[in-house]
Structures are given as structure tokens and as C-alpha cells.
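Residue numbers (mature numbering (1 follows the signal peptide of the UniProt record, and there is no 0)): -18 to -1, 1 to 348.
Virtual Cβ for every residue (Gly too), placed ideally from N, Cα, C.
What follows is the structure, given as C-alpha cells:
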């Protein structure tokens, strides 16, 4: 599976509008509207506090054919499923959430299952890599249920094909936030995970089951707070090589490093300073090519930057704007429709505990 040569994954999804039905444009849902195995299961989960619909929030997504796979982090108690599936073909334009790939993979306290999925990445071979911190109730009373791990699922079959224990690469203070996967020229697959608390990128060679930490220079954390966010984005160059763009939310600058340097185990002298950020930026995703999508903190406009051009404001293009107090948390490619798609919600209200029946979510085409 993992020794196969990777296909070139530099297809840039066009931003041109086509004839798309209303349902294709606007998939919406509120809180956690799950399809349950049976009504008795739902009643049991509600009665023992394991299902509180308003505590469910979708933050990240990956599009595979007619489905969107979602991370539902266990920020608060009452989130029965932490990895879910939504159909993009729902005729009523109202999404139902399905446990993905199954309910047994969602069980809290079972370390072979997912505890708290915070990010995911769909690679060129249709392998979905899911980052699981192992810590639940992270916004209320954080509780470590299991060691941190990355779980790989084959989207063609829905089967788990790999579990990677990250405990040997982390410490008690680690804050794992983002994951991407990459294939080298020999077809070996590597995953990269951001550890914001320790100023490191975890590199794991899946093929040889070997991992290590790449410590970033102190300059990348200049002006950062103690609890900051370390964003990662994998970019494809015209020659087929890849680089990792990264930045802390609080940092005033954007950086990149070639992935072959990361795989060598050292970042010393290899990091490229791309320039100053106009304001604090939220990295939202890529088109699996050279385009990076982002927004400024607290603002709804989504920008596209072609990383083959200088990192300056003149190179930024507004491609989407959220409505109704929503903010975008992820931008991904929807290959079947030849468009980019955003996941947005009123997550700021969720964080403040003012969502009423639950957060409003939408999966919209750009």
C-alpha cells in the first residue's frame, strides 16, 4: 500500500463556476444530527451525558467523491463521534452525520479507537490520515484517555490500514494540531505533525516505521504567546517537489522548508523566510497544488495566494466571504465538482457557549 509510487498530486482545482444545484452549493446542519444504529442507542447516549448535540462542532474536512469526512473534536463532553461522514448528495440539503467508518472506532477509552480527532489529510493514494490527540474534553477538563496517534484509513474500503503511536515523539506538554502526508520520489510515505508547544514538526517515515522530531529555530516563535497555533500546509511545486509552509498564529512572518530537508531530520539553515504577514493569519488549506488559502483572524474574507508568486498583499485574491457570523475553518478540493469547498461555522459562538441548539455548519462551494 505505502510503497506504491505516488501519483503527481498537483492538480489545481479551477475556481470557475458551473451549473451546480442548490444542494451542491449549500450543505448545512446544526449541532450533531447523527444517524444512530437504533433509537435505544441514542436514548442511552443522551441519558448518560455522552450525547449533547450542542457540544458537537465540525472543524476540518476532506472530500472523497460524494462524501465529506469531518473531524468533530471532543472539545466538550457529549460528543459521541469524533470522525463523521456527510453526504454531499443530500436531496434535502440538510446533512445527517454518520459515524465514520463505524461506531466502534469512536469509543472513548478504547485506545485502538479514535479519542479526539483534531485534523485529517487525504493523500494522493486515497489514504485518510487522522490526527488523534488522545485528550478529550480539551476545552473543559482535559483528560488523557490514550496516547496520541495518527490513524490511516483506506477511503476505498473504509478499513484502518495503519495506527501510528506518537507517544515516543511527544512530551506531556505537547500540543499536536495539524497533520499532512507526503510521498517521496521512491514512493515512501511520510507524515508531518505540528507540535506547537515544543516548537517542533514531527516527521514519521511510515514505510520504515521510524520517526523523529525536527526542532524549529526560535525565530519562528517571535511575538508568539505560550499557547499558540502552529499551522502546516503542504505545497506542490512545478517540478513535482514539495515544501511545507508553516507559521505560528502569533508570528509576524511566514516560513517554508523543503520536505526533503525535513526528511533528513534537520531544519538548521534550511528554513526560508517568505516575508512578513500583513496581519495574524489563519491558514485554511491548499488546492493540492501551489495555491494557499487563508483568512485574517476574526475576518470572514477568504484569500487565495499562489505560492509561485511573491508573498505580498498584491498577490492575494479574495475568493470567498462568509455570511451570518460564520467563519471558515478549512478549504479543500472537491475533485468531483472541479471546485474548492469551504467548511464554515459560527465556532466563535460555540467557544463562548452561546450557540443555543448547536453550532451552524455549512459546506459550500467557492
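- Comparing alpha carbon positions, the residue from 117, 93, 297 closest to residue 289 is 297.
- Considered as a whole, the stretch 170 to 223 harbours 171 to 177, 182 to 187, 192 to 197, 212 to 218 as its complete beta strand (DSSP E) runs of no fewer than 3 residues, in chain order.
- Just so you know, the alpha carbons of residue 328 and residue 293 end up roughly 29 Å apart.
- Nearest to residue 335 by C-alpha distance, out of 35, 25, 257, 10, is 35.
- Note that the C-beta distance between residue 111 and residue 19 is not below 8 Å.
- The stretch 30 to 69 is shown to contain whole beta strand (DSSP E) runs of 3 or more residues at 42 to 46, 49 to 53, 65 to 69, in chain order.
- Going by C-alpha positions, residue 259 is about 34 Å away from residue 169.
- By the neighbour-count definition (other C-beta atoms within 10 Å, threshold 16), residue 220 is an exposed residue.
- Per DSSP, reduced to three states, the secondary structure at residue 254 is strand.
- The Cβ atoms of residue 72 and residue 9 sit closer than 8 Å to each other.
- Within its own chain, no residue has a Cβ closer than 6 Å to the Cβ of residue 306 once the five positions on either side in sequence are excluded.
- By alpha-carbon distance to residue 208, the top candidate from 232, 29, 187 is 232.
- In the structure shown, the three-state DSSP call for residue 23 is helix.
- Note on geometry: alpha-carbon atoms of residue 239 and residue 32 lie some 42 Å from one another.
- Every alpha helix (DSSP H) of 4 residues or more that sits fully in the stretch 289 to 346 is shown, in chain order, as 329 to 334.
- The alpha-carbon of residue 147 is positioned some 10 Å away from that of residue 116.
- In this structure residue 301 is in contact with residue 348, their Cβ atoms being roughly 5 Å apart against a cut-off of 8 Å.
- When the five nearest sequence neighbours on each side are left out, the beta carbons in the same chain lying within less than 6 Å of the beta carbon of residue 122 are those of 58, in order along the chain.
- In the DSSP assignment, residue 242 falls outside any beta strand (DSSP E) and within the unbroken alpha helix (DSSP H) covering 241 to 245.
- Looking at the DSSP output, residue 263 sits in a beta bridge with 278.
- Across the structure, residue 217 and residue 267 are spaced so that their CA atoms are roughly 10 Å apart.
- As the crow flies, the alpha-carbon of residue 69 is around 43 Å from that of residue 201.
- Rounded to whole angstroms, the Cβ separation of residue 158 and residue 181 is 13 Å, and the two are not in contact under 8 Å.
- Of the candidates 78, 79, 188, 243, 188 places its Cα closest to the Cα of residue 132.
- For a cut-off of 8 Å, the C-beta gap from residue 64 to residue 54 is around 5 Å, short enough to register as a contact.
- The beta carbons of residue 344 and residue 308 sit closer together than 8 Å.
- A straight-line Cα-Cα distance of about 36 Å links residue 236 and residue 94.
- Linking residue 141 to residue 104 through their CA atoms gives a straight-line distance of about 14 Å.
- Under the three-state reduction of DSSP output, residue 85 falls in the helix class.
- Using a Cβ distance threshold of 8 Å, residue 138 and residue 177 do not count as a contacting pair.
- Distance between residue 127 and residue 287, taken at the CA atoms: about 39 Å.
- With 16 or more other CB atoms across the displayed protein chains lying within 10 angstroms of its CB, residue 98 is buried.
- For the pair residue 12 and residue 342, the CB atoms are nearer than the 8 Å cut-off.
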